[in-house]
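A short worksheet on the structure shown next.
Number of protein chains: 2
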Amino acid sequence: MISAKTIERLFLYRRLMTDLIKRDTRFVFSHELANMSQSSPAQVRRDLMTAGITGSSSRGYDVVNLKSRFDEILHSSVQKAALVGIGNLGRAILSYFPHRSPAVEIVAAFDSDSSKTDRIIHGIRTYAVDNLDQVVHQTDVSLGIITTPKDAAQTTADSMIVAGIRGILNFAPVPVRVPAGIFIESLDLTTSLEKLAYFSRRPH
Amino acid sequence: MISAKTIERLFLYRRLMTDLIKRDTRFVFSHELANMSQSSPAQVRRDLMTAGITGSSSRGYDVVNLKSRFDEILHSSVQKAALVGIGNLGRAILSYFPHRSPAVEIVAAFDSDSSKTDRIIHGIRTYAVDNLDQVVHQTDVSLGIITTPKDAAQTTADSMIVAGIRGILNFAPVPVRVPAGIFIESLDLTTSLEKLAYFSRRPH
DNA sequence: GTAACGCTGTGATAAAATTCACAACGGCTA
DNA sequence: TAGCCGTTGTGAATTTTATCACAGCGTTAC
Ligand SMILES: NC(=O)c1ccc[n+]([C@@H]2O[C@H](COP(=O)([O-])OP(=O)(O)OC[C@H]3O[C@@H](n4cnc5c(N)ncnc54)[C@H](O)[C@@H]3O)[C@@H](O)[C@H]2O)c1
Ligand SMILES: NC(=O)c1ccc[n+]([C@@H]2O[C@H](COP(=O)([O-])OP(=O)(O)OC[C@H]3O[C@@H](n4cnc5c(N)ncnc54)[C@H](O)[C@@H]3O)[C@@H](O)[C@H]2O)c1
Numbered sequence: 005m006i007s008a009k010t011i012e013r014l015f016l017y018r019r020l021m022t023d024l025i026k027r028d029t030r031f032v033f034s035h036e037l038a039n040m041s042q043s044s045p046a047q048v049r050r051d052l053m054t055a056g057i058t059g060s061s062s063r064g065y066d067v068v069n070l071k072s073r074f075d076e077i078l079h080s081s082v083q084k085a086a087l088v089g090i091g092n093l094g095r096a097i098l099s100y101f102p103h104r105s106p107a108v109e110i111v112a113a114f115d116s117d118s119s120k121t122d123r124i125i126h127g128i129r130t131y132a133v134d135n136l137d138q139v140v141h142q143t144d145v146s147l148g149i150i151t152t153p154k155d156a157a158q159t160t161a162d163s164m165i166v167a168g169i170r171g172i173l174n175f176a177p178v179p180v181r182v183p184a185g186i187f188i189e190s191l192d193l194t195t196s197l198e199k200l201a202y203f204s205r206r207p208h
Numbered sequence: 005m006i007s008a009k010t011i012e013r014l015f016l017y018r019r020l021m022t023d024l025i026k027r028d029t030r031f032v033f034s035h036e037l038a039n040m041s042q043s044s045p046a047q048v049r050r051d052l053m054t055a056g057i058t059g060s061s062s063r064g065y066d067v068v069n070l071k072s073r074f075d076e077i078l079h080s081s082v083q084k085a086a087l088v089g090i091g092n093l094g095r096a097i098l099s100y101f102p103h104r105s106p107a108v109e110i111v112a113a114f115d116s117d118s119s120k121t122d123r124i125i126h127g128i129r130t131y132a133v134d135n136l137d138q139v140v141h142q143t144d145v146s147l148g149i150i151t152t153p154k155d156a157a158q159t160t161a162d163s164m165i166v167a168g169i170r171g172i173l174n175f176a177p178v179p180v181r182v183p184a185g186i187f188i189e190s191l192d193l194t195t196s197l198e199k200l201a202y203f204s205r206r207p208h
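Protein sequence lines correspond, in order, to chains A and B.
For what it's worth, the numbering used here labels the leading residue of the first sequence as 5, then goes sequentially.
For what it's worth, the numbering used here labels the leading residue of the second sequence as 5, then goes sequentially.
In structure tokens, the structure reads:
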């Protein structure tokens, strides 16, 4: 079992490989990859070892080979996602993600405000939250994105889980409780910004 | 020196305290705080110990006392931030952050597209990027937020650093290199979403 | 009074993540 | 051929982070 930290870096490496391939670079050394990913050569080699990738001591790692091994590990097939909360952040995400990731496709968005529903925004159909269960079942959505205000986050998560969603990305600045077996990732921009403020203050 | 992980949790605890105070709750036990923060009682007690906070075994921790100790550690004075890249994500952030954090205040936004500059968006004045250096110096901005496309991220960071910024929050999905002494935090929504897809696939 | 309870504070321990450090290898030079 | 160089692959060591487990204390029950 590959650790979450390593998986995150593999996603990053994969993106870097796409760039390198575009630039016709054929081989990379661990220290080059480390530079590109703000990491250390030892870390890179350890990650690649974990991924079962092997390189050559004289040329480094074969870029195309890396890429296809990453694809194998990371992206088995596209999963469908639903976003709930079509506010400022929700709309930014809707505008951005179409065709951005080989792993995820946002196929529906929901809101409680009827002025935002039953339309198409950035190519994605929007529905009233009441239809969540039905749409998720019908279109086999497995991922949920929460961009509602914080008070609605927990109930939104609950509805998602009832509807059969297996993983949730939560942007509301509150922890969301989920039963075992459901993957939850919270992305708290406020805390990130505050951490920034804290650590920028003094030399570290 | 308190670790970054602990600091992040202290910010979260502080926010929880603000809520509890509003609700006139006077005391919390470590297991309650653990519940609210998706953590463990032992972790909470360890964090509070690190923060030099002491509670009572019968009543738990004094909420107001906690809050003021957190303020002390996390620094109560506001730091000014500038955002570069007034696109979909940049605007979402501009709409959200005014009066959200006691630690950070966004005071200016910049873009290379002149149709977005020299206005006021969500109460924040927008400028042409060429004015970055001048505005940052004049208004004593110490933090930078990058929401430009990925190709512009590194040069934006470089300009910020030249202008005297001490910490950067980067939303572009590329690692940004900074000299020692500058704090950089990258928040990669794409990787978060992909990680979600990866770990939702199988039971974990 | 004293026994029982539930919580804190923390040393000890475990687990996870990262880095060290070096043998082994391939290729280059002469 | 032999010697050197720079890199990989990886066990071992280190550092960081989280958990365990329990002594000690204030409170309550009787
Ligand atoms: N905008 C940002 O940059 C930013 C930054 C940090 C955190 N966040 C968090 O992200 C979330 C969304 O932020 P935002 O700025 O987009 O807010 P917003 O107010 O612009 O949007 C929230 C949307 O959720 C909808 N909504 C409310 N209750 C709902 C419910 N029960 N079911 C479905 N939809 C519901 C609203 O109608 C609205 O469209 C918030 O929790 C916020 O704290 C946002
Ligand atoms: N929107 C999202 O939800 C989302 C999600 C993940 C990552 N991102 C990342 O965040 C960044 C911004 O995304 P977005 O959707 O807001 O993009 P966007 O295209 O809507 O906005 C980018 C803005 O940056 C400005 N810009 C371009 N070059 C510039 C320069 N050199 N100096 C100053 N301004 C410049 C553009 O004029 C535009 O206003 C991108 O790097 C994107 O990869 C966005």
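Virtual Cβ for every residue (Gly too), placed ideally from N, Cα, C.
All of these numbers come straight from a predicted model, not from anything done at the bench.
Excluding sequence positions up to five away, which residues of its chain have a Cβ less than 6 Å from the Cβ of Pro3(A)? As displayed, chain A neither begins before 5 nor continues past 208, which places residue 3(A) out of reach and without an answer.
Check whether the Cβ atoms of Ala157(B) and Asn174(B) sit closer than 8 Å, and answer yes or no.
yes
Can you grab the Cα-Cα spacing for the pair Lys71(B) / Arg50(B), in whole Å? 17 Å
Open item on the list: Spatial neighbours of Ser116(A) within its chain, please: C-beta separation below 7 Å, excluding the five flanking residues on both sides.
Closed with: Val133
Using a Cβ cut-off of 7 Å, pull out every chain B residue sitting near Thr195(A), in sequence order please.
Glu12, Phe15 and Leu16
Check: Given that Ser41(A) touches chain B, what residues does it touch there, using C-beta distances under 9 Å?
Finding: Pro179
**Prompt:** Taking C-beta to C-beta, are Leu147(B) and Leu200(A) nearer than 8 Å?
**Reply:** yes
| Where the alpha helix (DSSP H) through Ala96(B) begins and ends | That run of the alpha helix (DSSP H) goes Asn92 to Tyr100.
Which whole runs of the alpha helix (DSSP H) in the segment 43 to 127 of chain B are 4 residues long or more, in chain order? 45 to 54, 67 to 78 and 92 to 100
**Asked** Where does Ala107(A) land, buried or exposed, given buried means 16+ other C-beta within 10 angstroms?
**Response** buried
For the beta strand (DSSP E) that Ile169(B) lies in, which residues bound it at each end? First-last for Ile169(B): undefined, no H or E at that position.
- prompt: Would you say Phe187(B) reaches chain A, if we count a Cβ-Cβ gap shorter than 8 Å as a contact?
  reply: With 8 Å as the cut-off, Phe187(B) counts as an interface residue toward chain A.
> Going along chain A in order, which residues have a C-beta closer than 8 Å to the C-beta of Lys199(B)?
Replying inline: Ala8, Ile11, Glu12, Phe15 and Glu189
### Task
Give a yes or no on whether the minimum CB-CB distance between Ser34(A) and chain B is below 8 Å.
no
Self-check item: Near ligand 1: Tyr100(A) beta-carbon under 7 Å from a heavy atom
Solution: no
| said: Quick check: the Cα distance between Pro102(B) and Ile110(B), rounded to an integer number of angstroms? | reply: 7 Å
Residue span of the beta strand (DSSP E) that contains Phe203(B), given as start and end
Per DSSP, Phe203(B) belongs to no beta strand (DSSP E); it is in the alpha helix (DSSP H), Leu193 to Arg205.
message = Let me confirm a value: Ala46(B) is counted as buried when at least 16 other C-beta atoms fall within 10 Å, else exposed. Which label applies?
response = exposed
Query raised in the report: Got a sec: does ligand 1 put a non-hydrogen atom nearer than 7 Å to the Cβ of Ser116(A)?
Result: yes
Chain B partners of Gln83(A), CB-CB under 8 Å? Ala201, Ser204 and Arg205
_Between which residues of its own chain and Met21(A) is the CB-CB distance below 7 Å, once the five residues before and five after are set aside?_
Within the same chain, and ignoring the five residues on either side of Met21(A) in sequence, the residues whose Cβ sits closer than 7 Å to its Cβ are Val67, Leu70, Lys71 and Phe74.
* Who are the Cβ neighbours of Leu52(B) in its own chain at under 6 Å, not counting the five residues just before and after it? -> none
Are the C-beta atoms of Val108(B) and some chain A residue less than 8 Å apart? yes
*Does the separation of the CB atoms of His141(B) and Tyr202(A) fall below 8 Å?*
no
* Asked: Can you name the residues of chain B whose CB is closer than 7 Å to the CB of Arg170(A)?
  -> Ser204
Determine the closest residue to Gly59(A) out of Phe33(A), Lys84(A), Ala38(A) and Ser81(A), with distance taken between C-alpha atoms.
Phe33(A)
Nonlocal neighbours in the same chain, by C-beta distance under 8 Å from Val82(A), ignoring five residues either side:
Only residues of its own chain outside the window of five on either side were considered, and among them Pro106, Ala107, Val108 and Glu109 have a CB closer than 8 Å to the CB of Val82(A), listed in chain order.
query = In the structure shown, what three-state DSSP assignment does His208(A) receive?
reply = Only weak support exists for where His208(A) lies, its pLDDT of 48 falling under 50; the value from the coordinates is given anyway. Three-state DSSP puts His208(A) in coil, outside helix and strand.
**Request:** Select from Arg30(A), Thr143(A) and Val88(A) the residue whose C-alpha is nearest the C-alpha of Thr159(A).
**Result:** Val88(A)
- Query: Does the beta carbon of Ala96(B) fall short of 7 Å from some heavy atom of ligand 1?
  - Reply: yes
- [ ] Flag this pair as yes or no: are the beta carbons of Ile165(B) and Ile186(B) separated by less than 8 Å?
- [x] Yes, the pair counts as a contact, with Cβ atoms nearer than the cut-off.
- Message: Under 8 Å, Cβ to Cβ, is there at least one residue of chain B near Ala113(A)?
- Response: no
Roughly how many angstroms lie between the CA atoms of Met5(B) and Leu16(B), to the nearest whole one?
Going from the Cα of Met5(B) to the Cα of Leu16(B) covers about 19 Å.
Own chain, CB closer than 6 Å to Leu213(A), minus 5 neighbours either side, in chain order = The shown model of chain A, from 5 to 208, leaves out residue 213(A), and the question about it has no answer.
Secondary structure of Ala184(B), DSSP reduced to three states = coil
Looking only at its chain, what residues have a beta carbon closer than 6 Å to the beta carbon of Ser44(A), apart from the 5 residues adjacent to it on each side? Ala38
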